[in-house]
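There are 2 protein chains.
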Amino acid sequence: MSATMHDVSRLAGVSIKTVSNVINDYPYVRDETRQRVLDAIAALGYTPNLSARSLRSGRTNVISLIIPELRNAYFAELADAVMKAAASRGLSVLIEQFGNERESELSVLQKPRGQMVDGVLYSVLALDEADRDTIAGIPTPMVLLGDRIFNGPKDHVTMQNAEGARAATDHLLSGGRRRIVALGAHPGEVIGSAGLRLAGYREALAAHGVAYDERLAIPVGTWHRRDGAEAMRAFLALGLPFDGVVAFNDTLALGALRVLQEAGLRVPEDVSVIGYDDIDETQYSMPALSTIDPGREQIARTAVDLLIERIEGGSTAFTPREIAVPFRLVERESTAVNVPAS
Amino acid sequence: MSATMHDVSRLAGVSIKTVSNVINDYPYVRDETRQRVLDAIAALGYTPNLSARSLRSGRTNVISLIIPELRNAYFAELADAVMKAAASRGLSVLIEQFGNERESELSVLQKPRGQMVDGVLYSVLALDEADRDTIAGIPTPMVLLGDRIFNGPKDHVTMQNAEGARAATDHLLSGGRRRIVALGAHPGEVIGSAGLRLAGYREALAAHGVAYDERLAIPVGTWHRRDGAEAMRAFLALGLPFDGVVAFNDTLALGALRVLQEAGLRVPEDVSVIGYDDIDETQYSMPALSTIDPGREQIARTAVDLLIERIEGGSTAFTPREIAVPFRLVERESTAVNVPAS
DNA sequence: CTGAAAGCGCTTACAG
DNA sequence: CTGAAAGCGCTTACAG
Numbered sequence: 008m009s010a011t012m013h014d015v016s017r018l019a020g021v022s023i024k025t026v027s028n029v030i031n032d033y034p035y036v037r038d039e040t041r042q043r044v045l046d047a048i049a050a051l052g053y054t055p056n057l058s059a060r061s062l063r064s065g066r067t068n069v070i071s072l073i074i075p076e077l078r079n080a081y082f083a084e085l086a087d088a089v090m091k092a093a094a095s096r097g098l099s100v101l102i103e104q105f106g107n108e109r110e111s112e113l114s115v116l117q118k119p120r121g122q123m124v125d126g127v128l129y130s131v132l133a134l135d136e137a138d139r140d141t142i143a144g145i146p147t148p149m150v151l152l153g154d155r156i157f158n159g160p161k162d163h164v165t166m167q168n169a170e171g172a173r174a175a176t177d178h179l180l181s182g183g184r185r186r187i188v189a190l191g192a193h194p195g196e197v198i199g200s201a202g203l204r205l206a207g208y209r210e211a212l213a214a215h216g217v218a219y220d221e222r223l224a225i226p227v228g229t230w231h232r233r234d235g236a237e238a239m240r241a242f243l244a245l246g247l248p249f250d251g252v253v254a255f256n257d258t259l260a261l262g263a264l265r266v267l268q269e270a271g272l273r274v275p276e277d278v279s280v281i282g283y284d285d286i287d288e289t290q291y292s293m294p295a296l297s298t299i300d301p302g303r304e305q306i307a308r309t310a311v312d313l314l315i316e317r318i319e320g321g322s323t324a325f326t327p328r329e330i331a332v333p334f335r336l337v338e339r340e341s342t343a344v345n346v347p348a349s
Numbered sequence: 008m009s010a011t012m013h014d015v016s017r018l019a020g021v022s023i024k025t026v027s028n029v030i031n032d033y034p035y036v037r038d039e040t041r042q043r044v045l046d047a048i049a050a051l052g053y054t055p056n057l058s059a060r061s062l063r064s065g066r067t068n069v070i071s072l073i074i075p076e077l078r079n080a081y082f083a084e085l086a087d088a089v090m091k092a093a094a095s096r097g098l099s100v101l102i103e104q105f106g107n108e109r110e111s112e113l114s115v116l117q118k119p120r121g122q123m124v125d126g127v128l129y130s131v132l133a134l135d136e137a138d139r140d141t142i143a144g145i146p147t148p149m150v151l152l153g154d155r156i157f158n159g160p161k162d163h164v165t166m167q168n169a170e171g172a173r174a175a176t177d178h179l180l181s182g183g184r185r186r187i188v189a190l191g192a193h194p195g196e197v198i199g200s201a202g203l204r205l206a207g208y209r210e211a212l213a214a215h216g217v218a219y220d221e222r223l224a225i226p227v228g229t230w231h232r233r234d235g236a237e238a239m240r241a242f243l244a245l246g247l248p249f250d251g252v253v254a255f256n257d258t259l260a261l262g263a264l265r266v267l268q269e270a271g272l273r274v275p276e277d278v279s280v281i282g283y284d285d286i287d288e289t290q291y292s293m294p295a296l297s298t299i300d301p302g303r304e305q306i307a308r309t310a311v312d313l314l315i316e317r318i319e320g321g322s323t324a325f326t327p328r329e330i331a332v333p334f335r336l337v338e339r340e341s342t343a344v345n346v347p348a349s
């Protein structure tokens, strides 16, 4: 029902190849011919059939972004950054969510929807080195975001988790805090964000000569606001002294903030609090939350660029690369007060 | 390079049509034949080429969702709901953002990416009745979300804006509040969310015999947290007495909440506050925010279902329908205290 | 229940 | 600078 290239070529009095040349900005078309074709396109309201183009060219110009959940502000902001980076390279983005279940993470990764996209950006959550072969076996060009799979089977854009957490902790220590809670630990984890951030926290303590007290490293499984609030409430009930909180993401920090204030503790006077991620909301919380900006925009741009190279180069062309994007310490109200070092 | 139907048919010793029948669950295939085909598919790791299928069938099984911005929690949650509703009907979702500029809203609507999707869900922001013909002229099956275009050119799923705002206002009035700020007005607007919500606010006042004081209807152009905070700060500077706030969305309410508390006003004791949208965060703010749940899940399901009907029925098959989804008042801490009626 | 054939609308060598 | 032809990998009548 809608016009095809044949209709355009007939109306313009040229061959279908010439129409294709005009559409694809092939340079060697006479101006007059080009104009005739352009006029015909406008007159017919012609738009190329993208399925036909994809079938023939093998490219869809769509990539997918596989994330746990869009309702999580961190991933919504990541998706926004990826969509903008992709748009600047002429790509559209198909978002797929897998939630918090390992099963569904695996099945989303493997389903044939992959046939409709040129490549995949995948923000790893539950999978780890044990799943290396599974991921290596996926033929679609793929770039990983996140931190769990090392010596990776695919290109990988990471943030500097340990370094960022170290800087966050150092920031509180430099403000005179000595009893600093680490909120969001995953005991036993080594290569995930929680493990790396805990390592950074410990490095900072060591550098300042402060002993690590494992009672201050609070385990929190999932990193939602409710989890942060509950964990902080439980910690307060223990009655241990503390003067700072390094939360392993902003959402945990915001949940903790609320509980601290309900308990009558002043932030930052009594407790200095810092998060991780620099989600938009940290600018507006009360008090505004200090945090680590992991370099989201740069992560998105880098990942899209690597993926395009993979797509164009054939996915097995060269060995996987790992790129760590620099972070930035963002100082706001929640850490604005120094105390005399004890 | 990857296997095709021909490879499968050759390996299974059947015709290509039989392979197609198996893949598409055509019932009249002998069990033994089906199994041979299934084995061949597994052996070759065959997955259908979706571009070829789309070219032939005219269907991509992808719809697009056109929204202002994913970083806004309301739209992230809407996108989540739409993706879940779409997935349950076998559809993927391509998200397109247009930001806050009218120009870009128009251009996203009209770009040929439409050729790659079966239909479009479009959350109207800046366009209105003046753009009716533009929207009517778009051939792609389309369902509108939002409130600005009436006697619409397309199917339309709306929330009950006026009724919801009326219920929110009535909730504060029933709690004894009499000087209620309306936060987020768009002066002169009639058919948009702001106009409708203001109308609902006024209806509730009238029903309680409270005179409308236009100094309490605070204009706020965009509805971000910063805007709510700034508008509330400016209002406090006027020194007018008030005891309640009906914010036209949750984000405004959260911004206002912070400023009220900074100014030493207690919520809900001194000022009762209610928002609109029921975004996840309202459960965790301090205090937890009362709000109107506009029925997001139902909006998403209804819109996806209408769109599928349009896609399957041909987009001009019947006259546009308008469906208003019921809302729900969600009472939380921010309105939990009644005061004696003055 | 299964097969042979046409064709969806493009792009891409190959010619000229 | 432009044309004629092949073919990407499916689905869909049409037969039998």
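Residue numbers (this note's numbering), protein chains in the order written: chain A, 8 to 349; chain B, 8 to 349. Virtual Cβ for every residue (Gly too), placed ideally from N, Cα, C. Remember, predicted model here, so these are calculated numbers, not experimental data.
For chain A, is any of its Cβ atoms less than 8 Å away from the one on residue i?
| i | result |
| --- | --- |
| Arg317 of chain B | no |
| Leu77 of chain B | yes |
| Leu336 of chain B | no |
| Ser58 of chain B | yes |
| Ser99 of chain B | yes |
| Glu196 of chain B | no |
| Arg303 of chain B | no |
| Tyr291 of chain B | yes |
| Arg273 of chain B | no |
| Thr326 of chain B | no |
| Glu112 of chain B | no |
Which residues does DSSP list as the beta-bridge partners of residue i?
| i | result |
| --- | --- |
| Thr298 of chain A | A:Val337 |
| Val69 of chain B | B:Ser99 |
| Val164 of chain A | A:Leu152 and A:Ile330 |
| Ile30 of chain A | Bridge partners of Ile30 of chain A: none, in fact. |
Using three-state DSSP, classify residue i as helix, strand or coil.
| i | result |
| --- | --- |
| Thr229 of chain A | coil |
| Glu329 of chain B | strand |
| Tyr129 of chain A | strand |
| Leu247 of chain B | coil |
| Ala189 of chain B | strand |
| Ala254 of chain B | strand |
| Ala224 of chain B | strand |
| Ile23 of chain A | helix |
| Ile286 of chain A | coil |
Just curious, the beta strand (DSSP E) that residue i is in, first and last residue?
| i | result |
| --- | --- |
| Ser99 of chain B | Ser99 to Gln104 |
| Leu152 of chain A | Met149 to Leu152 |
| Val280 of chain B | Ser279 to Ile281 |
Return the first residue and the last residue of the alpha helix (DSSP H) that residue i is part of.
| i | result |
| --- | --- |
| Met293 of chain B | That residue, Met293 of chain B, is in no alpha helix (DSSP H); it is neither H nor E in DSSP. |
| Thr141 of chain A | Arg139 to Ala143 |
| Ala211 of chain B | Ser200 to Ala214 |
| Ser61 of chain B | Leu57 to Ser64 |
| Leu18 of chain A | Met12 to Ala19 |
| Ile306 of chain B | Arg303 to Gly320 |
| Val44 of chain B | Asp38 to Leu51 |
| Asp177 of chain A | Asn168 to Ser181 |
| Ala86 of chain B | Ala80 to Ala94 |
| Glu110 of chain A | Arg109 to Gln117 |
Would you check whether the ligand ZN has a heavy atom nearer than 7 Å to the C-beta of residue i?
| i | result |
| --- | --- |
| Thr25 of chain A | The model on display carries no ligand, and the ligand ZN is accordingly not part of it. |
Is there a Cβ from chain B that is less than 8 Å from the Cβ of residue i?
| i | result |
| --- | --- |
| Ile102 of chain A | yes |
| Gly417 of chain A | Here chain A comprises residues numbered 8 to 349, so residue 417 of chain A is not present and cannot be evaluated. |
| Ala80 of chain A | yes |
| Thr229 of chain A | no |
| Tyr129 of chain A | no |
**Report entry** Segment contact flag, the stretch 150-161 of chain A with the stretch 122-136 of chain A, C-beta cutoff 8 Å, min 3 pairs
**Finding:** They touch, by the three-pair rule.
Query raised in the report: Taking one C-beta from the stretch 278-286 of chain A and one from the stretch 165-183 of chain A each time, how about it: are there three or more such pairs within less than 8 Å?
Result: The count of Cβ pairs closer than 8 Å, one atom from the stretch 278-286 of chain A and one from the stretch 165-183 of chain A, reaches three, so the stretches are in contact.
Requested in this report: Determine contact between the stretch 288-295 of chain B and the stretch 337-344 of chain B, defined as no fewer than three beta-carbon pairs at a distance below 8 Å.
Outcome: Between the stretch 288-295 of chain B and the stretch 337-344 of chain B there are three or more inter-stretch CB-CB distances shorter than 8 Å, so the stretches are counted as touching.
Query raised in the report: With contact counted as at least three CB pairs below 8 Å, one residue from each stretch, are the stretch 69-89 of chain A and the stretch 252-272 of chain A in contact?
Result: Yes, they touch.
Requested in this report: Evaluate contact between the stretch 241-256 of chain A and the stretch 181-189 of chain A, counting only Cβ atoms and requiring at least three cross-stretch pairs below 8 Å.
Outcome: Yes: the two stretches touch, three or more of their Cβ pairs being nearer than 8 Å.
Requested in this report: May I ask you to verify whether the stretch 267-278 of chain A touches the stretch 234-251 of chain A, counting CB pairs closer than 8 Å and requiring at least 3?
Outcome: As far as the Cβ criterion goes, the stretch 267-278 of chain A touches the stretch 234-251 of chain A, which means the pair count is three or higher.
Query raised in the report: Are the stretch 190-203 of chain B and the stretch 222-230 of chain B in contact at 8 Å, needing three or more beta carbon pairs?
Result: As far as the Cβ criterion goes, the stretch 190-203 of chain B touches the stretch 222-230 of chain B, which means the pair count is three or higher.
**Report entry** Three-pair Cβ contact test at 8 Å for the stretch 10-29 of chain B versus the stretch 48-58 of chain B
**Finding:** The stretch 10-29 of chain B makes contact with the stretch 48-58 of chain B, as at least three CB pairs between them are under 8 Å.
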